[in-house]
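Just below is one structure, and these are the notes that go with it.
Residue numbers (my numbering), protein chains in the order written: chain L, 92 to 345; chain Z, 92 to 345.
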């Protein structure tokens, strides 16, 4: 008899973002799989085995977890944020599609989590208050030309843009190029939010403008939100500004 | 001395989606504001006043809540899903920008929640596993021509599309028109997911294709996800299919 695969979103930070459903699934697991730093956020429990792996080993991790479920265990695979947004749920589906036929019969429960853009947006105000998109800037898994086409489409149609995986040591120039590209469509004054390590030690929020965004430091723990031409900034005395995108749009762009 | 405004995402369904942070904020409130059915999900507590209102009274609700905070109360405004996604956080920011100067000094905490597209995606597999956008189909607050421009941009650039507010009694034709529009860019076989009342009584998931999507019933409790040309469906014996969008894209579109 086979067990159950639970794919769990931990949210982007400490346990404030954990849902009841995620907590229950963590408790029900015989084995935990995940990228080491995510697994470190989950308290140890007796009789639960732990299988940390590196952040480029998603395929191997998915494979090992599925084999373990097929052997009869209740297995939790943890993701930071939401498992369905640039994370483990798609990696597991890829393995199920190409793996042994028996894997299609497995019991799978995917448990959503707070994805980084929602946590960063909440800290900043309501920048995602109107139509928006989420785009990974990593060109490891898709051609850079496609990323540019998507930046063009999103900015010219007035979507607010959340940028995941903005920069890494192996991808040092892409982020500045993306800001330059967006500047073809958006005013220099467009608000840009850098949310670094939200909900974790070292959390830092920076609100700047598109023309200065290239000078702001980012890394893989940063989620960036680029406003639309409608996005507004409310200055506040003694407090961080509120950034929001109004719910309504006038006819001007149509 | 003024109180604190807490803007809380309850998630799309029952309390399985509540985060620890949201629970704590609900307990800390002197007063609760929200659309009646969302407020009904929050257990009553002594010494906590409740202020339900209708779903078209967002502006008036925001105004009343801000006055209450300025009077010194700890006020929670609850939203279904995430308060920053087509919900109360933007309505509150609009009131703060145009309201009394003193409102800018208020203590505000926005608490993210599981937004409907994440819950529906988790039920279906991983349709949002690659670049995606979220678009409200309501033309109450923006011109229909702009919605069409955004559908065109998103579909032609290969974004998976989550449709919020797909249909209502006052907007009966827009959804079918949107599917027709998307059919200009996407194959007839593109997977389309209808997630109805996810996490609530009467939950229903339907997976269909773009050419048949217009024949599927939807209402305001439905969240629709339209795949990209990359989105795949895995048939499973005795189980609902898994729908997912692979993490990588070949060079074909570039």
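Even for Gly, the Cβ is constructed at its ideal location relative to N, Cα and C. Just so we're clear, the structure is a prediction, and the values are computed from it rather than from any experiment.
- Comparing alpha-carbon positions, the option among Z:105, Z:166, Z:98, Z:196 lying closest to residue 176 of chain Z turns out to be Z:98.
- The criterion of a C-beta distance shorter than 8 Å is not satisfied by residue 221 of chain L and residue 341 of chain L.
- When the Cα atoms are used, residue 210 of chain L and residue 171 of chain Z turn out to be separated by approximately 16 Å.
- Between the segment 152-172 of chain Z and the segment 186-193 of chain Z, the count of Cβ pairs shorter than 8 Å is three or higher; the stretches touch.
- Shown here for residue 296 of chain L: same chain residues with a beta carbon closer than 6 Å to its own, the five before and five after excluded, namely 214, 286 in chain order.
- Unbroken alpha helix (DSSP H) stretches of 4 residues or longer found wholly inside the segment 170-241 of chain Z: 179-189, 207-215, given in chain order.
- Scanning L:103, L:109, L:183 for the CA closest to the CA of residue 217 of chain Z turns up L:183.
- Boundaries of the beta strand (DSSP E) harbouring residue 300 of chain Z: 295-300, taken from the DSSP string.
- In terms of Cβ geometry, residue 165 of chain L and residue 119 of chain L form a close pair [threshold 8 Å].
- Within the segment 248-334 of chain Z, the complete beta strand (DSSP E) segments at least 3 residues long are 251-255, 282-287, 295-300, 313-317, 323-327, listed from N- to C-terminus.
- Where residue 152 of chain L is concerned, the enclosing alpha helix (DSSP H) starts and stops at 149-161.
- Among the CB atoms of chain L, one or more fall inside 8 Å of the CB of residue 328 of chain Z.
- Beyond the five residues adjoining it in sequence on each side, residue 250 of chain L comes within less than 6 Å, by CB distance, of 222, 223, 224 in the same chain, given in chain order.
- Using a CB distance cut-off of 8 Å, residue 291 of chain L does not count as an interface residue toward chain Z.
- Contact between the segment 310-326 of chain L and the segment 131-149 of chain Z is absent: fewer than three C-beta pairs spanning the two stretches fall below 8 Å.
- Excluding residues up to 5 positions away in sequence, 123, 141, 143, 169 lie with their Cβ nearer than 7 Å to the Cβ of residue 130 of chain Z in the same chain.
- Within chain Z, the residues 205, 209, 212, 213, 219 have their CB atoms less than 9 Å from the CB of residue 173 of chain L, given in chain order.
- In this chain, the alpha helix (DSSP H) harbouring residue 129 of chain Z covers 127-130.
- Under the three-state reduction of DSSP output, residue 101 of chain L falls in the coil class, being neither helix nor strand.
- Bridge pairing for residue 244 of chain Z: absent [DSSP].
- The criterion of a C-beta distance shorter than 8 Å is not satisfied by residue 301 of chain L and residue 326 of chain L.
- Judged by DSSP in its simplified three-state form, residue 109 of chain Z adopts coil rather than helix or strand.
- Here DSSP, grouped into helix, strand and coil, assigns residue 122 of chain L to strand.
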